[in-house]
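Numbering (this note's numbering), first residue to last: 2 to 277.
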């Protein structure tokens, strides 16, 4: 359901929902403003809304340029502007960062967060798990058409296991033996001279002391939080990607599941039925 209305009656709430799908289409020889003007006219939306949404997505100074002259990131932003024309309560974005370069992805991240901060619920469907972690508050994991788990980002990450400490040390094999004897669980990283120790950050001093007592000294140490990717793989039962040492030249298929993340601004509850 959406806003508590069953999908069979979606037409009753359609005006409260805006959406874009991957690779949005516009008239290539029309300006950004002209494309939005056509959409506004078809939906009975006042023309002053065009300036408002162009400002939100940061395209006010390029509104007169043709759609074909826009970069991929600008095209995505114009599509979001089109979805915002009717001032929806819920905005649905399908792979908004797909095909964008790092700068474009960063711009999209700021835009999505900014829209949420304006008081709207934003639901993002994406395979870019690192981006989901940076922008979303709530996450839903769906695999093969079935809901696997839903909750806050921290709740979903809890399925990845506990915190780790990554140790850099010249004699990795000796360090592995010492830590095992001291009761720590650790394993090698593909990166040379790195070990991952399954221990909370609060016990880091115990790790360094055990190594120092055996004459082994660190060249680096950092804590590592559980990632959404690890939680995703654990929840869906998908095999982890091969490490550098395990790879044999084959390819790893992308899991069929994808996170559907609901972004709700701080202090504003998620829209009923609009996401996690």
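All C-beta atoms in this analysis are idealised placements derived from N, C-alpha and C, irrespective of residue type, glycine included.
Terminal residues of the beta strand (DSSP E) in which residue i lies
i, result
"residue 150", "147-153"
"residue 142", "139-144"
"residue 165", "165-169"
"residue 187", "187-189"
"residue 161", "Unbroken run through residue 161: none, as it is neither H nor E."
Residue i burial status per 10 Å Cβ neighbour count (16 or more: buried)
i, result
"residue 34", "buried"
"residue 89", "buried"
"residue 141", "buried"
"residue 248", "The predicted model places residue 248 with a pLDDT of 39, which falls under 50 and marks its position as unreliable; any figure quoted below should be read in that light. Exposed."
"residue 294", "Examination of residue 294 is not possible in this model, given that the chain is present from 2 through 277 alone."
"residue 121", "buried"
"residue 174", "exposed"
"residue 71", "buried"
"residue 139", "buried"
"residue 127", "buried"
"residue 146", "exposed"
"residue 3", "buried"
"residue 108", "buried"
"residue 19", "buried"
"residue 15", "exposed"
"residue 5", "exposed"
"residue 158", "buried"
"residue 41", "buried"
"residue 111", "exposed"
"residue 7", "exposed"
Which listed residue (the options) has its alpha carbon closest to that of residue i
i, options, result
"residue 93", "138, 100, 84 and 99", "84"
"residue 54", "65, 16 and 79", "79"
"residue 209", "234, 188, 193 and 168", "168"
"residue 135", "233, 106 and 148", "106"
"residue 216", "172, 229 and 192", "172"
"residue 163", "232, 206 and 137", "232"
"residue 28", "52, 15, 68 and 10", "68"
"residue 170", "156, 239, 188 and 159", "188"
"residue 114", "218, 137 and 200", "137"
Whether residue i touches residue j by CB criterion (8 angstroms)
i, j, result
"residue 177", "residue 154", "no"
"residue 125", "residue 97", "yes"
"residue 202", "residue 166", "yes"
"residue 1", "residue 39", "As shown, the chain starts at 2 and ends at 277. That puts residue 1 outside it, with no answer to give."
"residue 37", "residue 104", "no"
"residue 76", "residue 32", "no"
"residue 237", "residue 149", "yes"
"residue 123", "residue 117", "yes"
"residue 180", "residue 198", "yes"
"residue 87", "residue 49", "no"
"residue 133", "residue 222", "no"
"residue 227", "residue 161", "yes"
"residue 91", "residue 17", "yes"
First and last residue of the uninterrupted alpha helix (DSSP H) at residue i
i, result
"residue 223", "Premise fails: residue 223 lies in the beta strand (DSSP E), 221-225, not in any alpha helix (DSSP H)."
"residue 95", "Unbroken run through residue 95 is the beta strand (DSSP E), 91-95; no alpha helix (DSSP H)."
"residue 229", "229-237"
"residue 124", "First-last for residue 124: 122-126, but that is the beta strand (DSSP E), not the alpha helix (DSSP H)."
"residue 100", "Segment: none, residue 100 is in no alpha helix (DSSP H) and carries neither H nor E."
"residue 132", "130-136"
So within the segment 4-73, which uninterrupted beta strand (DSSP E) runs reach at least 3 residues, ignoring any that extend past its ends? As far as the segment 4-73 is concerned, its whole beta strand (DSSP E) runs of at least 3 residues are 18-21.
What are the complete alpha helix (DSSP H) segments, minimum 4 residues, inside the segment 172-213? Annotation: the segment 172-213 contains the following complete segments of the alpha helix (DSSP H) (minimum length 4 residues), in chain order: 173-182.
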